[in-house]
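Structure first, commentary second.
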Amino acid sequence: VDRLTDKTALVTGSSRGIGRATAIRLAREGALVAVHYTANEQAANDTVELIEKEGGSAFTVRAELGVPGDVHELFLGLERGLKERTGDTRLDILVNNAAVTSTGSAPEDLTPEEFDHYFAVNAKAPYFIVQRALGQMPSGGRIVNLTTGVTRTSVPDQVAYAMTKGAIEQLTFQLARILAPRGITINSVAPGITNNGGPIFDNPQAVEAMAKFSAFNRVGEAGDVADVITFLTTDEARWITGAFIDATGGTLLG
Ligand code: NDP
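In the working numbering, the protein residues as written are 45 to 298.
Here you go:
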């Protein structure tokens, strides 16, 4: 603990799932965390409450990603929250976690509108969030982008989703060399099947079937992935940049 004292962090999509678990861990390490969400205000408030109960600091920021003006709205809320609490708008840590994850339509039925929505939320928004964040990120800054093991294995019903995450991995890879002179690292973390609190994880048979994908024969917990993300934000991970970090519990071993 306390590896992130005096740091500030934005975790997109931290009302629930992996984002929430990450927000909690970053706060545990001493960071002031902006808990971003779009629809689930109560869940975002609960994340902040969980953090404050442990003695940490956090505030919520609402912004729908994937629509015009999204990044501006996000940063208005972020900067207001940071300024109130720290006196300036410095952002040390950015975790691009929010994404459209639902399978949606089968590849043969996917509409151009659904395709555009996937890319707007999962690829375009993170790009412009990074662009905007870099204006207020000092040396020692950390960017972590959530991808998926699906970019390394063929999953028939997730073609468009996997394409958006392939784009995120390129964002990481291409920016790493550009940001290194500024002392900023950027990495991708790829979860496998991870319990995000969604209804399917209440179905024991479905969970048993999903567990088989991992070498450890269980589904991941949000904390399993959040611990990896948190490590990448610390000084201990200063020598890692541009990496694809496999946090799939051995799913990609085949
Ligand atoms: P969840 O589906 O549990 O939560 C998604 C989060 O993103 C929520 O906080 C949600 O906010 C927010 N969000 C979704 N769409 C938008 C939008 N248009 N604008 C703003 N916020 C939005 O996510 P997971 O924890 O399952 O996944 C987190 C990351 O990990 C994602 O990038 C995902 O692709 C990746 N991943 C997850 C896996 C898994 O098995 N869970 C496997 C591989 C990768 P709100 O609550 O307000 O709706």
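Backbone N, C-alpha and C fix where the C-beta goes; we use that ideal spot for every residue, glycine too. Remember, predicted model here, so these are calculated numbers, not experimental data.
Alpha carbon of Val111 to alpha carbon of Ala281, nearest angstrom:
For the purposes of this step, residue 111 is identified with residue 67 of the sequence shown, where counting begins at 1. For the purposes of this step, residue 281 is identified with residue 237 of the sequence shown, where counting begins at 1. Answer to the nearest angstrom: the Cα atoms are 34 Å apart.
Where Ile228 falls: helix, strand or coil (DSSP):
In the sequence shown, residue 228 corresponds to position 184, counting from 1. If DSSP states are grouped into helix, strand and coil, Ile228 belongs with coil.
Rounded to the nearest angstrom, how far is the Cβ of Leu94 from that of Ile68, given a contact under 8 Å?
In the sequence shown, the residue the question calls residue 94 occupies position 50. In the sequence shown, the residue the question calls residue 68 occupies position 24. Confirmed, Cβ separation roughly 6 Å.
Below 8 Å on the Cβ atoms is my guess for Val55 versus Leu70; work out the distance and round it to an integer in Å.
For the purposes of this step, residue 55 is taken as the residue at position 11 of the sequence shown. For the purposes of this step, residue 70 is taken as the residue at position 26 of the sequence shown. Contact holds; Cβ gap of about 7 Å.
Using 8 Å as the threshold, is the region 281-291 in touch with the region 206-222, meaning 3 or more CB pairs across them?
yes
Rounded separation between Tyr205 and Asp290 - CA only
Position 161 of the sequence shown, counted from the first residue, corresponds to residue 205. Position 246 of the sequence shown, counted from the first residue, corresponds to residue 290. Approximately 18 Å, taken between the alpha carbons.
Using the DSSP secondary-structure output, state which residues sit across from Ile173 in a beta bridge.
Reading the sequence shown from its first residue, position 129 is the one you call residue 173. DSSP lists no partner for Ile173.
Between the region 101-109 and the region 239-257, do three or more beta carbon pairs fall short of 8 Å?
Result no; under three Cβ-Cβ pairs closer than 8 Å.
Could you spell out the range, first to last residue, of the beta strand (DSSP E) harbouring Ile137?
Sequence index remark: in the sequence shown, residue 137 carries index 93 (1-based). Taken as a continuous stretch (DSSP letters only), the beta strand (DSSP E) holding Ile137 covers Ile137 to Asn140.
Can you round the beta-carbon distance between Val188 and Asn231 to whole angstroms, since I take them to be within the 8 Å contact cut?
As a working note, residue 188 is residue 144 in the sequence shown. As a working note, residue 231 is residue 187 in the sequence shown. Approximately 6 Å separates the beta-carbon atoms of Val188 and Asn231; this is inside 8 Å, confirming the contact.
Per-residue DSSP class, three states only, for Arg64:
Within the sequence shown, the letter at position 20 stands for residue 64. In the structure shown, Arg64 adopts helical secondary structure according to DSSP, grouped into three states.
Within the continuous beta strand (DSSP E) that includes Ile187, where are the two ends?
For the purposes of this step, residue 187 is identified with residue 143 of the sequence shown, where counting begins at 1. Note, Ile187: beta strand (DSSP E), Arg186 to Leu190.
Return yes when the Cβ of Gln180 is within less than 8 Å of the Cβ of Leu135, no when it is not.
The count along the sequence shown starts at 1 and reaches residue 135 at position 91. The count along the sequence shown starts at 1 and reaches residue 180 at position 136. Yes, these two residues count as a Cβ contact at 8 Å.
Spatially closest choice to Ile237 from Gly227, Thr229, Ala250 and Pro225, by CA coordinates:
By one-based count along the sequence shown, residue 237 stands at place 193. The option with the nearest alpha carbon to Ile237 is Ala250.
Please go through the region 196-266 and give each complete beta strand (DSSP E) segment of 3 or more residues, from N-terminal end onward.
229-235
In three-state terms, what does DSSP make of Asp46?
Looking up residue 46 in the sequence shown gives position 2. Coil at Asp46, not helix or strand.
Classify Gly63 as buried or exposed, calling it buried when 16 or more other Cβ atoms lie within 10 Å of its own Cβ.
Your numbering for residue 63 matches position 19 in the sequence shown. With 16 or more Cβ atoms within 10 Å of its Cβ, Gly63 is classed as buried.
In the DSSP assignment, what are the bridge partners of Asp290?
The residue labelled residue 290 in the question sits at position 246 within the sequence shown. Note: Asp290 sits in a beta bridge opposite Ala234.
May I ask whether a heavy atom of the ligand NDP can be found less than 7 Å away from the beta carbon of Val203?
For this step, residue 203 is matched to residue 159 along the sequence shown. Checking every heavy atom of the ligand NDP against the Cβ of Val203, none is found closer than 7 Å.
Quick one: what's got a C-beta closer than 8 Å to Val92's C-beta in the same chain, skipping five residues either side?
Looking up residue 92 in the sequence shown gives position 48. These residues qualify, in order along the chain: Val79, Ala102, Phe103 and Thr104.
Does the Cβ of Thr197 lie closer than 7 Å to at least one heavy atom of the ligand NDP?
In the sequence shown, counting from the first residue as 1, residue 197 sits at position 153. Thr197 Cβ: outside cutoff for every heavy atom of the ligand NDP.
Ignore the nearest five residues each way along the sequence and tell me which others in Ala88's own chain have a CB closer than 8 Å to its CB.
Locating residue 88 in the sequence shown gives position 44, where the first residue counts as 1. The answer, listed in chain order, is Ser58, Ser59, Val79, His80, Tyr81, Thr104 and Arg106.
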